[in-house]
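Reading through the structure tokens given below for one structure.
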Amino acid sequence: MKQNEYVPFLSEIIEVIRHTEIEYTFRMKYLGDVKPGQFFEVSIPKYGEAPISVSGIGDGTIDLTIRRVGKVTNEIFERYEGGRMLLRGPYGNGFCLDDYKGKELVIVAGGTGVSPVRGVMDHFACHMPEIQSLTMIAGFKSPSDILFRDDFSRWSQRARVILTVDSGGGTEYREGLVTAYIPGLFFTDLANAAAIVVGPPAMMRFSIQALKNRGLEDSQIWISLERKMCCGIGKCGHCRINDTYVCLDGPVFPYAKGRALID
Amino acid sequence: MGYSLSTEALSEVFKHLSLEYDLYAPRLYPKGGAFSDTDLVRYGKISSPEEIVLHEKSRFSWKETLLPISQTLFYFTEGSVLEPEQEQKGAVIFLRSCDLHALKRLNHIYLQNGPEDPYYRDRRDKLRFVLIGCKEPFSSCFCVDMGTNKTDGYDFSLDWEGDFWQIDCPNTEWQELFRRHAVCEQAVSPSYVTETKTRVHIPDHLTADVIKSTIWKEYDSRCIGCGRCNFVCPTCTCFTMQDLFYTDNGKAGERRRVWASCMADGFSDVAGGGSCRKTCGERMRYKVLHKALDFKMKSGFQMCVGCGRCDDACPEYISFSHCLNRLPEAIKEVNSDEAE
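Top line first, the protein sequences correspond to chains A and B. All letters in the first sequence, in the order written, are residues 1 to 263 by full-length UniProt numbering. All letters in the second sequence, in the order written, are residues 1 to 340 by full-length UniProt numbering.
Here it is as structure tokens:
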């Protein structure tokens, strides 16, 4: 048979980073090209496949941050440590970094929504001259749900990082929703601002509204959508919204296009 | 080129074709219906012309010959993945004009939307098509309004007229075979219907705004989300991946794709419990607008071919064609709401 896109390849697990009780990052060996915001279909035999965003791109590696959702994945987490996993991809368009160069970029992310934008953050935090200013507002449920702790402290040395938790912040963390920090955002030139919003649907809806209230146009906002994706190549139909296939045309959309997508 | 053949002669042709191809046609499954003492007409292997059911519409379409209900994509053990051997024998599919038009829709998804699907491509290239002429429409058919009542993409056509089979065979490879068995050679054009009892008019000015209409809510209580309409549809192509593990050896198994229904629970579920379309009304809207609008936006032609099987199959007597005819009313409603 011709080249078979459905057949996964084996990839070595280089490292397993445990963020929380239920969220681990698997650092996988991968030599091909990949962009932040793209995703891989990760095979968990017996469980099936799941579309997982690339949460980091290293030298010959990619990071996949996976959340334990049940009994089976629980077992799988332990079994695969130090072993190999079946992957296929990368799929989707990913973020186009050129869209944000020279801009005053704000990234608003909630929970595992940090994964797809981590690569964007990493890139600009390492290449600050490419950008006017860089701000990240990240929200998690509680301090024990925080992912990528080391990254946040690393990024905060160069960019403005607002890390907030919904509750239980104590003296160490800010409390409140990400939307609370959007009205106070400072831009030297509003017309040169750009924003990326990724997270749970409600968080995205209110964050976008807050950004628009702050003065941003729809054309200055980008979003990344999460949908059920069985194939990743425009066949299975699960991720289709109107005439758009999230796996092919997305998952990253300019909000001007994304707002017209009604499930 | 056209030919007239007796049933015996056509049987000989079938015998010859069977060497290279399996023949699939709508055939009778006695007492195979959903209710006691009822028969079922659906696709199955045949070997002679008498087995083809001409007077009734097949409950399911032919698409399962190209897209199996459950298809093994590969087998896996701990460290390796093995693709299954593909069926080498080709297939000749006997179908009506609307169903042959469905092929173009399936091709669009599996060959043009994203990378080519290798399983589909392999099977597609081994299929040949025989057009069954339609002298009369069935009551739920609306092919004329969908522009699918005529076709020329067949290898040969089949019409029963007088006491002979009338055959038009554009496939040059098979012309000699028919010539050998024909009583006479003459120009034949396959029959097709020019009007149907069920009429459908999809408004030209249909846009996604119609999503806002309240007509969809009516289906919340009527539709039970069983997905029969999807499974009988010749143009529905969605599937879900499924892993299967062997009970005797938990480390070996296979990955399959199985037909999926956008009307049934689970279709739009994402990790963590979210679901994009919870109500049957939303699902009905999603399906109807895919068939009548969204697919056309992407491909340039309508998805629905007007075979009417969804109307025949619905246990709640929901009519898809009737729903299409309500779209002007829905557009009006949305426009007047916006004008206010």
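Ideal Cβ positions, reconstructed from N, Cα and C, are used throughout, including at glycine. It should be emphasised that the depicted structure is a prediction, and the values quoted were computed from it without experimental measurement.
| said: Does A/Cys126 pass the burial test, meaning 16 or more other C-beta atoms within 10 Å, or should it be called exposed? | reply: exposed
| said: Using a 10 Å radius around the Cβ and a threshold of 16 neighbouring Cβ atoms, would you call B/Leu82 buried or exposed? | reply: exposed
| request: Look at B/Thr235 and B/Leu106 and say whether their C-beta atoms are less than 8 Å apart. | output: yes
| request: Quick one: which residues of the stretch 198-218 of chain A get their C-beta closer than 9 Å to a C-beta of chain B? List them in chain order. | output: Pro200 and Pro201
| field | Assumed close pair B/Val130, B/Phe94 - CB separation to whole angstroms, cut-off 8 Å | value | 5 Å
| said: Give me the DSSP bridge partner(s) of B/Arg255. | reply: B/Phe74 and B/Asp243
| query | Is there a Cβ from chain B that is less than 8 Å from the Cβ of A/Gly234? | reply | yes
| message | Am I right that A/Pro254 and A/Ala210 are in contact with their C-beta atoms under 8 Å? What's the rounded C-beta distance? | response | About 18 Å separates the two Cβ atoms, so there is no contact after all.
| request: Just the C-alpha distance for B/Ser191 and B/Gly133, rounded to the nearest angstrom, thanks. | output: 5 Å
| Can you tell me whether DSSP reads B/Thr194 as helix, strand or coil? | coil
| message | Cutting at 7 Å between CB atoms, please list the residues of its own chain near B/Glu50, excluding the five before and the five after it. | response | Thr7
| said: Residues of the UniProt domain "4Fe-4S ferredoxin-type" (213-244) of chain B in Cβ contact with chain A at a cutoff of 8 Å, in chain order, please. | reply: Thr237, Cys238, Phe239, Thr240, Met241, Gln242 and Asp243
| query | Where does B/Tyr317 sit, in a helix, a strand or coil, going by DSSP? | reply | coil
| Supposed contact pair B/Asp168 and B/Ser189 - C-beta distance, whole angstroms, cut 8 Å | 6 Å
| Once you ignore the five residues that flank B/Cys280 on each side, which residues in its own chain have a CB closer than 6 Å to its CB? | Tyr219, Asp220, Cys223 and Gly225
| Three-state secondary structure (DSSP) at A/Gln132? | coil
| Just by C-beta distance, which residues in the stretch 295-315 of chain B are closer than 7 Å to chain C? | Reference to chain C is not applicable here, since the protein chains of this structure are A and B.
| Contacting positions in the stretch 96-115 of chain B - beta carbon closer than 8 Å to chain A | Ile109, Tyr110, Asn113, Gly114 and Pro115
| query | At which residue ranges does the stretch 91-148 of chain A contain complete beta strand (DSSP E) runs of 3 or more residues, listed in the order of the chain? | reply | 104-110 and 133-140
| said: Taking CB distances under 8 Å as the criterion, tell me whether A/Ala50 reaches chain B. | reply: yes
| task | Whole angstroms is fine: what's the gap from B/Leu289's alpha carbon to B/Arg309's? | result | 17 Å
| said: Pull the bridge partners of B/Tyr24 from the DSSP assignment, please. | reply: B/Lys45 and B/Ile93
| query | What are the start and end residues of the alpha helix (DSSP H) that includes residue 344 of chain B? | reply | Nothing can be reported for residue 344 of chain B, as the shown portion of chain B is limited to 1 through 340.
| request: Grab me the residues of A/Glu104's own chain with a C-beta within less than 6 Å of its C-beta, minus the 5 sequence neighbours each way, in chain order. | output: Gln132, Ser133, Phe187, Asn192 and Ala193
| CB-CB under 7 Å to A/Gly94, same chain, minus the five flanking residues each way: which ones, in chain order? | Lys35, Pro36, Gly37, Gln38 and Val252
| task | Return the CA-CA distance between B/Leu23 and A/Leu10, expressed in angstroms with no decimal places. | result | 40 Å
| message | Counting C-beta neighbours from all protein chains within 10 Å, is the total for B/His205 16 or more, i.e. buried, or is it exposed? | response | exposed
| query | Secondary structure at residue 273 of chain A, three-state DSSP: helix, strand or coil? | reply | For chain A, the structure presents residues 1 to 263; residue 273 of chain A sits outside this window and is missing.
| Distance between B/Glu78 and A/Ile62 (C-alpha atoms, nearest Å) | 22 Å
| field | Chain-order list of residues whose beta-carbon lies under 7 Å from that of B/Thr72 (same chain, five-residue window excluded) | value | Pro84, Glu254 and Arg256
| task | Have a look at the DSSP bridge pairing and note the partners of B/Gly2. | result | B/Asp168
| request: Just tell me which of B/Asp39, B/Ile69, B/Arg124 and B/Met146 has its CA closest to the CA of B/Cys304. | output: B/Met146
| task | Please go through the same chain and pick out, in chain order, the residues whose beta-carbon is closer than 8 Å to the beta-carbon of A/Gly102, but skip the five residues on each side of it. | result | Glu130, Ile131, Gln132 and Asn192
| said: Considering just the uninterrupted stretch of the alpha helix (DSSP H) at residue 270 of chain A, what are its terminal residues? | reply: With chain A covering 1 to 263 only, the question about residue 270 of chain A has no answer from this structure.
| field | Segment contact flag, the stretch 257-272 of chain B with the stretch 229-240 of chain A, C-beta cutoff 8 Å, min 3 pairs | value | yes
| query | Can you list the residues of chain B that A/Arg67 reaches, using a CB-CB cut of under 8 Å? | reply | Ala271 and Gly272
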